[in-house]
Ligand code: FES
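In UniProt numbering, the protein residues as written are 1 to 114.
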C-alpha cells in the first residue's frame with residue numbers, strides 16, 4: 001500500500017460532503033458519508049468527459065446525463081439518462097468506477113493509490 005497525502009484538511013468537510021482533488025495525476029472524488037471518507041475516480045464511466053463532483057447521500061451524480069455511482073463501492077446505481085429519440089452510441093456506461101482506501105492522518109486525508 002502506498003498512501004499519498006492529499007493536502008486537503010478534513011475541515012473542508014465541515015462545509016461540503018465532496019470535493020475533487022488531483023491525486024497521482026488523476027481527478028479523484030473525495031467524499032464523506034456517515035462519518036467515513038471515500039475516494040473514487042471522478043471521471044464518469046458513461047462518456048468519460050464529466051468530472052463527478054456532486055454527491056447526494058452516498059451517490060455521486062454525473063452532471064452530464066445523470067448517471068449515479070455509489071461512492072462507497074464505485075458501483076453504478078443509475079444509468080445515464082439519454083433522450084430516447086436521440087441515438088447515443090455511448091449508452092453503455094461502465095458499471096463500476098475505481099475506489100481507493102482513504103485514511104485520515106493529523107487532520108489531512110491520505111489515499112492509497114499507485
Ligand atoms: S457522461 Fe456521465 S452520464 Fe453521460
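Here a beta-carbon is modelled for each residue, glycine too, at the ideal position from N, C-alpha and C.
Since this is a predicted model, take the numbers as computed values, not measurements.
Per DSSP, the continuous beta strand (DSSP E) segment holding residue 76 begins and ends at 76–78.
Residue pairing by DSSP places residue 30 opposite 19 and 39 in a beta bridge.
Fully enclosed beta strand (DSSP E) runs of no fewer than 3 residues occupy 54–56, 59–61 and 68–70 of the region 51–76, in order along the chain.
According to DSSP, residue 105 shares a beta bridge with 108.
Each residue's CA atom was taken as its position, placing residue 25 and residue 1 some 18 Å apart. At least 8 Å separates the beta-carbon of residue 70 from that of residue 56.
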